[in-house]
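Residue numbers (my numbering): 3 to 390.
C-beta atoms are modelled at their ideal positions from N, C-alpha and C, and glycine is treated no differently.
Notes to accompany the following structure.
Shown next, in the form of structure tokens:
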């Protein structure tokens, strides 16, 4: 039996220019998820760790950042857990590659020629690991855009150097119309013909597992979201390969390692008393690791005045990120309408008729604007002060 931990897309050193002052904190979250992945590998006593590309966010990394990553790899080596890494599309193995600029093996304090830490490249496309009875193939190119499929003409079925045949690719499974512009693309048919027992994939930041023919393949996803809309990131995969009575089995288990949490919340606008009350309610969920996406829904009272940008600004210090969207709609006029020969009666009847036409035509956006105009008009006609 072989047990391995599969991760990818760690993106250490990401700049996060869009996060402003929170950029440094997000970089620390990403490193924390990498450390948590190493902790999990040690706790689970896996035999092998696979990092399927984009360990680093770019090839421009300060030495201290690479040394920090190397120290985590050294922890695995000290426990006799072997690690295999392939470059990705961010830390691509070109002339300026971070793997050329720094000797990661030496920085981890390991001797040259060790099999405790291996970086697969176009010049070293595979490694045999006798201690775990596995051969690992890295399908890697020296350019960001692959000249062909990494599985073109690849077939490991006749390789008898070890019991287990494992592949690593950083790229996209072909989805017509969606992956046409991706740098590295391969097909499910090529996976099925690869002769591998397990194919460890990187590049997609959400975890996903499937089979093609007899080959189990999976994306581990990013261990910590690289962008704050990646609500399916935050995991690594524990993979168990076993053979009993001549039958090979591969099982994949997701494990959470990232700190970032995501919550989507719908709030009934009819139950919100005021903007300060809304802020107070949302503050009960305050969490510096939470990305909160809150929507106001339903029908709101005319007097409810909500400025979503002000609410977001008030909540920002208490969350990793917060987004407030107002999808509520003003009510139509309740009760008996004013007489039709009055300004109020004419105004309300005219707008409500136009709203009904727009809603019947599925033009909800336009109808919503008129509902808001109707709300403001009712307030003005009732003598209220209205600010836009």
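- In terms of CA proximity to residue 284, 310 leads the group 47, 310, 50, 120.
- DSSP places residue 214 in the uninterrupted beta strand (DSSP E) bounded by 210-214.
- Under the Cβ criterion (8 Å, minimum of three pairs), the segment 325-340 does not count as touching the segment 63-80.
- Here residue 258 is exposed. Its C-beta has fewer than 16 other C-beta atoms within 10 Å.
- Where residue 290 is concerned, the enclosing beta strand (DSSP E) starts and stops at 289-299.
- The beta carbons of residue 7 and residue 134 sit about 13 Å from each other, so the pair does not count as a contact at 8 Å.
- Per DSSP, the continuous alpha helix (DSSP H) segment holding residue 73 begins and ends at 65-80.
- Beyond the five residues adjoining it in sequence on each side, residue 21 comes within less than 6 Å, by CB distance, of 28 in the same chain, given in chain order.
- For residue 370, the enclosing alpha helix (DSSP H) stretches over residues 366-383.
- In the three-state scheme derived from DSSP, where H, G and I count as helix and E and B as strand, residue 90 is classed as coil.
- Taking residue 224 as the centre and dropping the five residues before and after it, the same chain places the C-beta of 11, 207, 235 closer than 6 Å to its C-beta, in chain order.
- Fully contained in the segment 191-242 are the following beta strand (DSSP E) runs of length 3 or more, in chain order: 200-204, 210-214, 217-221.
- In the assembly as shown, residue 338 is an exposed residue. Its beta-carbon has fewer than 16 other beta-carbons within 10 Å.
- Straight through space, the alpha carbons of residue 87 and residue 252 are spaced by roughly 21 Å.
- Between residue 117 and residue 84, the beta carbon gap of about 6 Å places them in contact (Cβ cut-off 8 Å).
- DSSP places residue 39 in no beta strand (DSSP E) but in the uninterrupted alpha helix (DSSP H) bounded by 25-45.
- Remark: C-beta atoms of residue 78 and residue 43 approach each other more closely than 8 Å.
- Residue nearest to residue 25 within the set 56, 368, 169, 227 is 227 (criterion: CA-CA distance).
- The segment 293-305 and the segment 258-276 touch, with three or more beta-carbon pairs separated by less than 8 Å.
- Taking 8 Å as the cut-off, the Cβ atoms of residue 143 and residue 170 do not count as close.
- In the structure shown, residue 157 falls within a coil segment according to DSSP collapsed to helix, strand and coil.
- When DSSP states are grouped into helix, strand and coil, residue 332 belongs to the strand group.
- In this structure residue 137 is not in contact with residue 103, their Cβ atoms being roughly 28 Å apart against a cut-off of 8 Å.
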